[in-house]
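I have placed the structure first, in the form of structure tokens, so that the comments after it can refer back to it.
Protein chains: 2
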Amino acid sequence: MSDVARLAGVSRTTVSFVLNDKPGAAIPDETRRRILEAIDELGYRPNAGARALAANRSGWFGLITEIVTGPFAAEVITGAQSRAWGDRRFLLIAASEGDPAQEAAALDQMLEHRVEGLLYATTWHRAVTLPKAAREVPTVLVNCYDAEGELPCILPDEESGGHRATRRLLDAGHTRIGFINLDPAIPAAIGRREGYERALREAGITPEPSLVIPGWATADGAYTAACELLDRPAAARPTALFCGNDRMAMGAYDAIKERGLRIPHDVAVVGFDNQELIAAYLRPKLTTLALPFEAMGTKGVDMLAALAAGQPLDTHRVTIDCPLLERSSV
Amino acid sequence: MSDVARLAGVSRTTVSFVLNDKPGAAIPDETRRRILEAIDELGYRPNAGARALAANRSGWFGLITEIVTGPFAAEVITGAQSRAWGDRRFLLIAASEGDPAQEAAALDQMLEHRVEGLLYATTWHRAVTLPKAAREVPTVLVNCYDAEGELPCILPDEESGGHRATRRLLDAGHTRIGFINLDPAIPAAIGRREGYERALREAGITPEPSLVIPGWATADGAYTAACELLDRPAAARPTALFCGNDRMAMGAYDAIKERGLRIPHDVAVVGFDNQELIAAYLRPKLTTLALPFEAMGTKGVDMLAALAAGQPLDTHRVTIDCPLLERSSV
DNA sequence: ACAAGGAAGTAACGCGCGTTATTAAAGCGC
DNA sequence: GCGCTTTAATAACGCGCGTTACTTCCTTGT
Chain A
1 MSDVARLAGV
11 SRTTVSFVLN
21 DKPGAAIPDE
31 TRRRILEAID
41 ELGYRPNAGA
51 RALAANRSGW
61 FGLITEIVTG
71 PFAAEVITGA
81 QSRAWGDRRF
91 LLIAASEGDP
101 AQEAAALDQM
111 LEHRVEGLLY
121 ATTWHRAVTL
131 PKAAREVPTV
141 LVNCYDAEGE
151 LPCILPDEES
161 GGHRATRRLL
171 DAGHTRIGFI
181 NLDPAIPAAI
191 GRREGYERAL
201 REAGITPEPS
211 LVIPGWATAD
221 GAYTAACELL
231 DRPAAARPTA
241 LFCGNDRMAM
251 GAYDAIKERG
261 LRIPHDVAVV
271 GFDNQELIAA
281 YLRPKLTTLA
291 LPFEAMGTKG
301 VDMLAALAAG
311 QPLDTHRVTI
321 DCPLLERSSV
Chain B
1 MSDVARLAGV
11 SRTTVSFVLN
21 DKPGAAIPDE
31 TRRRILEAID
41 ELGYRPNAGA
51 RALAANRSGW
61 FGLITEIVTG
71 PFAAEVITGA
81 QSRAWGDRRF
91 LLIAASEGDP
101 AQEAAALDQM
111 LEHRVEGLLY
121 ATTWHRAVTL
131 PKAAREVPTV
141 LVNCYDAEGE
151 LPCILPDEES
161 GGHRATRRLL
171 DAGHTRIGFI
181 NLDPAIPAAI
191 GRREGYERAL
201 REAGITPEPS
211 LVIPGWATAD
221 GAYTAACELL
231 DRPAAARPTA
241 LFCGNDRMAM
251 GAYDAIKERG
261 LRIPHDVAVV
271 GFDNQELIAA
281 YLRPKLTTLA
291 LPFEAMGTKG
301 VDMLAALAAG
311 QPLDTHRVTI
321 DCPLLERSSV
């Protein structure tokens with residue numbers, strides 16, 4: 001920077017003013033041009049670390065996930081990343097691998113790097129408890145919530161998702177809709193079932209509990225559940241299946257095809273999660289709902305930026321809709 | 001840090017010595033204990049940015065990928081990440097989205113952050129040309145190579161992969177092995193075909209060109225190709241299919257099942273890429289080869305660490321084996 | 001002609017730390 | 001008791017930059 005100043009025939013301060021577009025500093029165009037030329041000629045690059053030190057603003061946000069691999073975390077990262085870079089902020093990403101020790105170590109490193117905020121994301125919607133150190137810095141939870149309900153969080157709107165999926169099947173003319181659910185104890189399963197039942201009631205149909213079977217989140221479990229549903233007498237057999245996730249839909253597909261039934265003519269299927277590799281390549285392609293991971297990532301950075309700037313949050317608990325992806329299974 | 005020094009009754013320098021385990025500095029246990037106690041009591045955390053500035057070592061490596069989403073990039077990141085954190089180094093990750101402008105911007109930011117090395121990873125094995133700015137810092141290519149052949153690179157061993165897949169089918173007793181290949185012009189397709197033919201020749205079988213058909217990397221393309229192969233007269237029909245990737249294997253599965261043939265009894269299948277969501281949930285589960293993305297990521301950080309330390313590289317071009325994942329389709 | 005005010009630019013300090021050169025005290029052999 | 005080495009610790013500088021307080025020069029109005 002001193003070299004630039006010397007070459008441009010000004011002081012280092014002036015160079016700094018130009019680089020930061022300092023408001024209130026009167027820099028004639030001619031001087032500015034000389035400085036920019038010098039920067040270009042010398043190939044000068046400001047040192048981000050030194051700037052951070054002097055300005056007392058690191059520009060970093062931390063992002064802790066359980067695993068970096070896996071489509072979910074990757075999408076959150078994508079969303080957060082793009083939003084952050086656009087804002088000239090940067091993401092220090094760490095994976096906890098589900099290990100509290102690694103998680104604590106990662107958090108330590110982040111605090112040493114003076115992150116201005118922390119994003120904590122989980123693979124599936126559930127409650128979490130953070131290490132105490134997380135209180136030292138603004139924190140936003142993504143796809144999870146803390147038991148004490150103190151931290152702001154961003155969650156998928158499971159209820160409206162279940163409603164939307166069911167509604168889609170109702171619109172296609174189905175009235176007996178089987179629901180192969182996830183583990184019934186988790187928030188996703190509870191919310192989606194509520195949405196499912198609300199959609200039915202809104203259509204004037206009384207929810208039939210026997211049409212709801214847990215598939216335990218596996219393809220095999222869903223296969224078994226689908227067999228059970230499809231082998232009922234014709235009058236009780238569902239003409240559509242709403243599956244808790246796409247892997248489960250895969251199992252359901254097998255059960256359906258095995259019985260010589262066609263999708264969607266004989267049985268329609270809606271999945272959940274939009275696991276691209278499954279949904280887009282099943283035959284026929286699977287209509288499913290997407291968990292809005294990328295949107296949750298960007299929203300997380302937004303909220304963090306607000307918090308870091310000292311602004312209050314309008315909403316402490318944000319829910320984001322799960323969009324329906326129309327393919328060929330309905 | 002001054003507070004710590006004051007509380008411990010020593011100078012800031014002494015605190016620094018303790019923090020860095022400075023060799024040659026004689027610190028009595030008693031003094032060290034007092035300092036560590038003071039650190040603990042005050043909850044002091046060193047400022048990583050300031051350390052970097054003073055020591056002139058940022059501790060950062062940059063990682064540029066085309067997309068952060070997608071299983072490939074995610075695995076590379078996982079590998080690089082775990083290796084880097086273990087070494088107290090950190091990854092500044094950016095996605096180019098295939099856009100040269102974004103790529104250049106990302107690189108600029110990385111250089112401003114004074115990364116000590118750059119990892120450049122692509123989604124599929126191919127040649128690349130880097131922005132000139134990349135020359136300013138040690139660079140290692142992952143899953144790609146530069147046309148000039150100047151930069152060190154890490155590549156999957158396609159030839160041995162093709163050989164291993166074919167060998168597995170030969171070992172299972174197959175002699176007419178169809179190969180539904182990727183776009184024949186790309187390195188992966190070329191290497192794997194070489195391996196395929198070598199394995200055949202080693203088994204005393206003359207490669208039959210008509211058994212090799214491009215599937216153009218899509219499930220539909222592979223489906224068409226598989227139909228063509230399976231509809232040949234019995235004597236010319238392959239009893240096993242080696243597919244260029246798992247999506248293509250998915251298409252092949254459909255063609256096989258449609259004809260009432262069973263996997264693996266009538267037709268065995270080997271895929272490539274180990275796209276977990278497909279390979280592990282197809283029925284029967286798909287035997288496939290994994291691209292060693294995670295290993296490539298860790299190796300990349302290793303090489304970068306060596307380069308950043310000024311050590312010469314033993315090998316300029318590293319290839320890593322593609323392991324066979326045994327499931328149920330052979 | 002002169003004060004007032006703005007335009008253009010600078011010197012100097014501090015951010016939090018690593019590191020070198022130096023000092024002061026303590027131990028040791030005789 | 002004296003010189004010499006080791007031990008323990010420190011003052012002071014610099015890393016690359018942002019920022020504040022200050023100076024100098026030019027314009028403008030009267």
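Protein chains in written order, with the UniProt record's numbering: chain A, 1 to 330; chain B, 1 to 330. All residues carry an ideal CB built from backbone N, CA and C; glycine is no exception. On a predicted model such as this, the values are computed, not experimentally measured, just so you know.
- In terms of residues, what are the limits of the beta strand (DSSP E) holding B/N143? For the purposes of this step, residue 143 of chain B is taken as residue 143 along the second sequence, with counting starting at 1. Where B/N143 is concerned, the enclosing beta strand (DSSP E) stretches over T139 to D146.
- Query: With C-beta atoms as the reference, is B/M1 less than 8 angstroms away from B/I154?
  - Reply: Position 1 of the second sequence, counted from the start, is the residue given in the question as residue 1 of chain B. Position 154 of the second sequence, counted from the start, is the residue given in the question as residue 154 of chain B. Not a contact, by the Cβ cut-off of 8 angstroms.
- Task: Following the continuous alpha helix (DSSP H) through A/Y196, name the residue where it begins and the one where it ends.
- Result: Here residue 196 of chain A refers to the residue found at position 196 of the first sequence. Segment P187 to E202, the alpha helix (DSSP H) holding A/Y196.
- Identify every residue that forms a DSSP beta bridge with A/F272. Taking the first sequence and counting its residues from 1, one reaches residue 272 of chain A at position 272. A/F272 pairs with A/L289.
- Message: Taking 8 angstroms as the threshold (beta carbon to beta carbon), is A/H125 in contact with chain B?
- Response: Counting from one through the first sequence, the residue named residue 125 of chain A turns up at place 125. It does not: the Cβ of A/H125 has no partner Cβ on chain B nearer than 8 angstroms.
- Query: Going by Cα to Cα distance, which pick from A/D146, A/R327 and A/R88 is closest to A/A280?
  - Reply: Within the first sequence, the letter at position 280 stands for residue 280 of chain A. Closest option to A/A280, Cα to Cα, is A/R327.
- Query: Going along the chain, which residues of its own chain have a beta-carbon closer than 6 angstroms to the beta-carbon of B/A225, five neighbours each way excluded?
  - Reply: The residue you call residue 225 of chain B lines up with position 225 of the second sequence. Here the set comprises I180, I213 and G215.
- Message: Does B/P156 come out as helix, strand or coil in the three-state DSSP assignment?
- Response: Taking the first residue of the second sequence as 1, we reach residue 156 of chain B at position 156. If DSSP states are grouped into helix, strand and coil, B/P156 belongs with the strands.
- Under 8 angstroms Cβ-Cβ, which residues of chain A neighbour B/V18? Here the question's residue 18 of chain B lines up with position 18 in the second sequence. In chain order: nothing, as chain A lies at least about 16 angstroms away.
- Item | Identity of the residue in A/W60, A/G49, A/R192 and A/A54 nearest B/N56 by Cα | In the second sequence, the residue the question calls residue 56 of chain B occupies position 56. Measuring from the Cα of B/N56, the nearest candidate turns out to be A/G49.
- Query: Roughly how many angstroms separate the alpha carbons of A/S82 and B/P312, rounded to a whole number?
  - Reply: Counting from one through the first sequence, the residue named residue 82 of chain A turns up at place 82. Counting from one through the second sequence, the residue named residue 312 of chain B turns up at place 312. Cα-Cα distance, rounded: 36 angstroms.
- Assigned secondary structure, B/L282 (DSSP; H/G/I helix, E/B strand, else coil): Here residue 282 of chain B corresponds to residue number 282 of the second sequence, with the count starting at 1. Correct three-state label for B/L282: coil.
- Message: Rounded to the nearest angstrom, what separates A/F293 and A/F72 at their Cα positions?
- Response: The residue given as residue 293 of chain A occupies position 293 in the first sequence. The residue given as residue 72 of chain A occupies position 72 in the first sequence. For A/F293 and A/F72, the distance between alpha carbons rounds to 6 angstroms.
- Message: If you measure between the beta carbons of B/G117 and B/L304, is that distance less than 8 angstroms?
- Response: Position 117 of the second sequence, counted from the start, is the residue given in the question as residue 117 of chain B. Position 304 of the second sequence, counted from the start, is the residue given in the question as residue 304 of chain B. The answer is yes: Cβ separation under 8 angstroms.
- Proximal residues to B/L289 (C-beta, below 8 angstroms), its chain only, five neighbours per side dropped: To locate residue 289 of chain B, count along the second sequence from 1; it is residue 289. G161, R164, A165, V270, G271, F272, D273, N274, C322, P323, L324 and L325, listed in sequence order.
- Query: In the structure shown, what three-state DSSP assignment does A/T315 receive?
  - Reply: In the first sequence, the residue the question calls residue 315 of chain A occupies position 315. In the structure shown, A/T315 sits in coil (DSSP, three-state: anything other than H, G, I, E or B).
- Check A/N20 in the structure and name its three-state DSSP category. Walking along the first sequence from the start, residue 20 of chain A turns up at place 20. Helix at A/N20.
- Could you check the C-alpha separation between B/H113 and A/L36 for me, to the nearest Å? The residue labelled residue 113 of chain B in the question sits at position 113 within the second sequence. The residue labelled residue 36 of chain A in the question sits at position 36 within the first sequence. Those two C-alpha atoms are separated by around 20 angstroms.
- B/P238, DSSP secondary structure in three states: Position 238 of the second sequence, counted from the start, is the residue given in the question as residue 238 of chain B. Coil at B/P238, not helix or strand.
- CB contact below 8 angstroms: A/S210 versus chain B: Sequence index remark: in the first sequence, residue 210 of chain A carries index 210 (1-based). False, the Cβ-Cβ gap to chain B never drops below 8 angstroms.
- Item | Assigned exposure category for B/V59 - 16 Cβ within 10 Å defines buried | Walking along the second sequence from the start, residue 59 of chain B turns up at place 59. The sequence shown places Gly at residue 59 of chain B, rather than the Val named in the question. That one is buried.
- Task: Please check the pair B/A249 and B/L286, which I expect to be a contact at CB under 8 angstroms, by giving their CB distance rounded to whole angstroms.
- Result: As a first step, residue 249 of chain B must be located in the second sequence, where it is residue number 249. As a first step, residue 286 of chain B must be located in the second sequence, where it is residue number 286. At roughly 6 angstroms, the Cβ-Cβ gap stays under 8 angstroms, so B/A249 and B/L286 are in contact.
- Helix, strand or coil: how does DSSP classify B/Y120 here? Locating residue 120 of chain B in the second sequence gives position 120, counting from the first residue. B/Y120 falls in the strand class under three-state DSSP.
- Could you say which of B/L200, B/I177, B/A222 and B/L182 lies nearest to B/L241 if we only look at CA atoms? Walking along the second sequence from the start, residue 241 of chain B turns up at place 241. The residue with the shortest Cα to Cα distance from B/L241 is B/I177.
- Item | First through last residue of the alpha helix (DSSP H) which encompasses A/V76 | Here the question's residue 76 of chain A lines up with position 76 in the first sequence. Unbroken alpha helix (DSSP H) run through A/V76: P71 to G86.
- Message: Whole angstroms are fine: how far does the CA of A/R259 sit from the CA of B/I256?
- Response: Here residue 256 of chain B refers to the residue found at position 256 of the second sequence. Here residue 259 of chain A refers to the residue found at position 259 of the first sequence. Roughly 18 angstroms between the two C-alpha positions.
- Residue range of the unbroken beta strand (DSSP E) whose run includes B/G178: For the purposes of this step, residue 178 of chain B is taken as residue 178 along the second sequence, with counting starting at 1. Element bounds for B/G178: I177 to N181.
- Span of the alpha helix (DSSP H) holding A/T31? Residue numbering aside, residue 31 of chain A sits at position 31 when the first sequence is read from its first letter. Residues D29 to L42.
- Taking the CB atoms as reference points, tell me whether B/D146 and B/L130 lie closer together than 8 angstroms. Locating residue 146 of chain B in the second sequence gives position 146, where the first residue counts as 1. Locating residue 130 of chain B in the second sequence gives position 130, where the first residue counts as 1. In contact: B/D146 and B/L130 (Cβ atoms closer than 8 angstroms).
- Query: Helix, strand or coil: which one does DSSP assign to A/R6?
  - Reply: The residue labelled residue 6 of chain A in the question sits at position 6 within the first sequence. Note: A/R6 maps to helix in three-state DSSP.
- Query: Mind checking B/S329: buried by the 16 CB within 10 Å criterion, or exposed?
  - Reply: Taking the first residue of the second sequence as 1, we reach residue 329 of chain B at position 329. Result: buried.
- Task: Could you tell me the boundaries of the alpha helix (DSSP H) in which B/P131 lies?
- Result: Here residue 131 of chain B corresponds to residue number 131 of the second sequence, with the count starting at 1. Neither: B/P131 is in no alpha helix (DSSP H) and is coded neither H nor E.
- Item | Any 3 or more C-beta pairs closer than 8 angstroms across the stretch 8-16 of chain A and the stretch 27-45 of chain A | yes
- Proximity to A/H174 [Cα-Cα], best of A/I205, A/D246 and A/G24: The count along the first sequence starts at 1 and reaches residue 174 of chain A at position 174. Minimum Cα distance to A/H174 is reached at A/I205.
- Message: On the CB-based measure, 16 or more other CB atoms within 10 Å of its CB, does B/A94 come out buried or exposed?
- Response: Here residue 94 of chain B corresponds to residue number 94 of the second sequence, with the count starting at 1. Buried.
- What residues from chain B crowd round A/V301, counting only those whose CB sits closer than 8 angstroms? By 1-based counting over the first sequence, the position of residue 301 of chain A is 301. By Cβ distance, chain B contributes nothing, its closest Cβ being about 14 angstroms from A/V301, past 8 angstroms.
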